[in-house]
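UniProt numbering applies: residue 1 is where the sequence shown begins, and numbers increase by one. Report on the following structure.
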Amino acid sequence: MRLWRKRQLMILTVCFLWLWSVALIYWYVVNREKDDIRDGVPLLLWWTNDVTWPYNELRRCGARTCHVTNNHKKLQEARGILFYGSNLKTFDYPLPRRRAHQWGLLHEESPRNVPFVPYTEFLQHFNYTSTFSRHSNLPLTTQYLPYASDLSSMDFFRSFEDKQVLQFNDQIGSVVFLQTDCNTMSGREDYVQELMQYIQVDSYGGCLHNRDLPAKLQNDYLNNLYSDELLRFLSPYKFMIAIENGVCEDYITEKYWRPLIAGIIPIYFGSPSIRDWEPHLNSAVYVADFANASALAAHLHFLDENATAYDTYRSHKLNRANPIANSMLLQHLLTRRYHTEPQKAELSLFHKFECLMCEYASFTPQSQSANEKHYSCPLPPAYAPLQQRKKPKYASDWRSMMNVGRCQAQLLDKFLRANRSFTSADFQKELKRMVQQELCD
């Protein structure tokens with residue numbers, strides 16, 4: 001009996017030791033995989049402060065894997081340094097830059113908040129980019145169009161006759177404007193104000209406000225730009241103002257796609273290359289085709305009373321056999337690697353940008369530089385045509401801001417080439433001298 005108990009104890013001891021060894025090995029493998037890049041897993045470092053909490057992820061990108069962190073103490077180990085454009089500073093860069101460091105820039109916005117980005121002097125210091133430009137390494141041109149099928153969906157479609165009835169019964173205009181920002185590089189607010197002299201424009205946002213949104217839409221419509229409630233509310237209108245806040249090649253936001261989804265004709269001004277991306281020829285009324293708001297309003301009045309002419313702009317809804325005739329747009333939508341739905345985190349812009357940099361950091365030496373095609377914005381800033389060739393109210397302010405941006409880009413180029421760390425005080429002192437001596441023109 002004692003011998004049997006000893007054997008039981010021995011078996012239990014062996015089993016315990018075996019389980020402990022397995023647990024120890026598992027813990028070692030998992031933690032080594034997450035926290036140690038000495039096994040050859042490249043390290044990517046987010047330099048800009050995009051999240052306030054410690055970020056430490058193992059990003060799996062097909063056959064490749066990278067360790068992604070925002071711990072600046074890992075700088076010397078990093079292969080890729082990642083920057084988010086909206087959080088760029090004029091003084092915060094990982095210097096001195098090592099030869100192995102590949103810099104990547106993710107920036108989906110116009111230059112209104114970061115005026116030094118469009119200039120080659122600054123862009124050339126990045127090896128790879130993900131911007132709205134088709135020429136970037138991960139183009140975001142259609143980021144504001146969730147699905148190709150949204151263009152042909154009839155969920156919010158109203159016939160011309162229905163719109164006529166609703167327009168009469170609800171006492172609404174034919175044109176809707178929904179914007180809060182009333183100080184834009186494109187002079188949007190100035191143009192709409194002129195248009196209001198010639199046609200009724202119902203303005204529900206904070207800019208040029210003359211009508212109130214329904215109570216359920218007032219609180220948070222800016223964060224629900226494609227909600228069923230909002231699209232259904234907008235759908236009775238025949239036209240919607242779709243003027244971007246800034247003019248850049250391929251910079252196309254929800255202002256263009258949302259009315260198309262809702263079966264409304266956009267009145268568009270923004271990307272000079274917009275016709276490369278429209279679903280069909282004449283998918284929108286383009287502000288640039290008219291000398292001024294008066295001429296555009298005359299065309300809108302014609303379409304407002306002519307069902308056949310109006311519906312020629314809605315082929316993406318009415319041509320069921322071929323809703324998207326633009327092969328380039330269709331190809332882009334079918335092959336893009338990211339998604340805009342927040343619940344699909346693994347397909348988010350940030351995750352796909354990390355995978356882009358993971359691919360290059362794994363195998364590619366520092367061999368290329370971005371240029372102005374990666375972020376192409378006309379300078380000085382372009383704006384919608386006003387009567388008597390007037391300039392928008394804030395045109396001089398925006399032009400001055402972009403001139404300072406040019407100065408900032410030239411100064412950043414100087415500091416980054418020197419490859420020595422510098423402070424905000426260093427930068428501001430030299431920038432002041434350059435501006436005072438007019439060295440940036």
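Backbone N, C-alpha and C fix where the C-beta goes; we use that ideal spot for every residue, glycine too.
If you draw a straight line from the alpha carbon of residue i to that of residue j, how long is it in whole angstroms?
| i | j | result |
| --- | --- | --- |
| L231 | F156 | 7 Å |
| D179 | P96 | The question names Asp, but residue 179 in the sequence shown is Gln. Answer to the nearest angstrom: the Cα atoms are 43 Å apart. |
| L416 | H125 | 8 Å |
| H374 | Q167 | 43 Å |
| R32 | G40 | In this prediction, R32 has a pLDDT of 44, which is less than 50 and means its spatial position is unreliable; what the coordinates show is noted afterwards. Straight-line Cα distance between these residues: approximately 12 Å. |
| K352 | F83 | 14 Å |
| P236 | D304 | 12 Å |
| L123 | L379 | 15 Å |
| D170 | F233 | 12 Å |
| S421 | H72 | 14 Å |
| S130 | V165 | 45 Å |
| L17 | P42 | With a pLDDT of 49 at L17, under the threshold of 50, the modelled position of this residue cannot be trusted; read the value that follows with caution. Going from the Cα of L17 to the Cα of P42 covers about 35 Å. |
| A309 | M357 | 48 Å |
| L45 | G85 | 15 Å |
| E372 | E249 | 11 Å |
| R158 | N292 | 29 Å |
| R134 | L329 | 11 Å |
| A295 | S315 | 24 Å |
| G62 | E194 | 53 Å |
| A409 | E77 | 28 Å |
| E161 | D311 | 11 Å |
| S136 | Q143 | 14 Å |
| K255 | L222 | 12 Å |
| R64 | T184 | 42 Å |
| R336 | R433 | 45 Å |
| M196 | N219 | 26 Å |
| K429 | F91 | 12 Å |
| V51 | F350 | 12 Å |
| K216 | G205 | 14 Å |
| L105 | A298 | 44 Å |
| K391 | R399 | 11 Å |
| N70 | Y338 | 22 Å |
| D397 | H101 | 37 Å |
| K163 | I261 | 16 Å |
| H209 | I264 | 20 Å |
Out of the options, which has the shortest C-alpha to C-alpha gap to residue i?
| i | options | result |
| --- | --- | --- |
| S424 | I81, E77, L88 and Q76 | L88 |
| H107 | A370, R433 and V165 | A370 |
| D181 | R134, S203, R399 and T48 | S203 |
| H280 | L318, M434, E244 and S294 | L318 |
| D228 | P259, V201 and I252 | P259 |
| C207 | F177, L296 and D92 | F177 |
| L140 | T312, Q197 and L333 | L333 |
| Q387 | S149, R399, A262 and D190 | D190 |
| L300 | Y221, I199, H209 and C440 | I199 |
| V435 | N403, A262 and A100 | N403 |
| I172 | K390, N56, R59 and F239 | F239 |
| W47 | T120, K390, E354 and M196 | E354 |
| F363 | R79, N56 and N70 | R79 |
| N326 | H101, A418, A148 and W398 | A148 |
| A418 | P94, K74 and A395 | P94 |
| R99 | S376, P392, K391 and S367 | S367 |
I need the boundaries of the beta strand (DSSP E) containing residue i, first residue and last residue.
| i | result |
| --- | --- |
| L333 | Looking at the DSSP string, L333 is not in any beta strand (DSSP E); the run it does join, the alpha helix (DSSP H), is S327 to T335. |
| E57 | N56 to C61 |
| S149 | Unbroken run through S149 is the alpha helix (DSSP H), S149 to S152; no beta strand (DSSP E). |
| C66 | R64 to T69 |
| I264 | Careful: I264 lies outside any beta strand (DSSP E) and carries neither H nor E. |
| S400 | Counting along the chain, S400 falls outside any beta strand (DSSP E), though it belongs to the alpha helix (DSSP H) covering A395 to A418. |
| L296 | Counting along the chain, L296 falls outside any beta strand (DSSP E), though it belongs to the alpha helix (DSSP H) covering A293 to D304. |
| V41 | Taken as a continuous stretch (DSSP letters only), V41 belongs to no beta strand (DSSP E), as it is neither H nor E. |
| L106 | Q102 to H107 |
| D202 | V201 to S203 |
Since I believe residue j is in contact with residue i (beta carbons under 8 Å), could you give me their beta-carbon distance rounded to a whole number of angstroms?
| i | j | result |
| --- | --- | --- |
| F269 | A288 | 6 Å |
| residue 448 | P272 | Outside the shown range of the chain, which is 1 to 441, sits residue 448, and nothing can be said about it. |
| P115 | M401 | 5 Å |
| V247 | P381 | 7 Å |
| N245 | R406 | Actually they are not in contact, since the Cβ atoms of N245 and R406 sit about 20 Å apart, beyond 8 Å. |
| Y128 | Y360 | 6 Å |
Check whether the Cβ atoms of residue i and residue j sit closer than 8 Å, and answer yes or no.
| i | j | result |
| --- | --- | --- |
| I241 | V175 | yes |
| S348 | Y251 | no |
| F427 | L411 | yes |
| R211 | A384 | no |
| W53 | L145 | no |
| L151 | I274 | no |
| L58 | H67 | yes |
Report yes or no: is there a C-beta of chain D within less than 8 Å of the C-beta of residue i?
| i | result |
| --- | --- |
| L356 | Checking the listed chains, one finds no chain D in this structure; it contains a single protein chain. |
I need the boundaries of the alpha helix (DSSP H) containing residue i, first residue and last residue.
| i | result |
| --- | --- |
| T120 | T120 to L123 |
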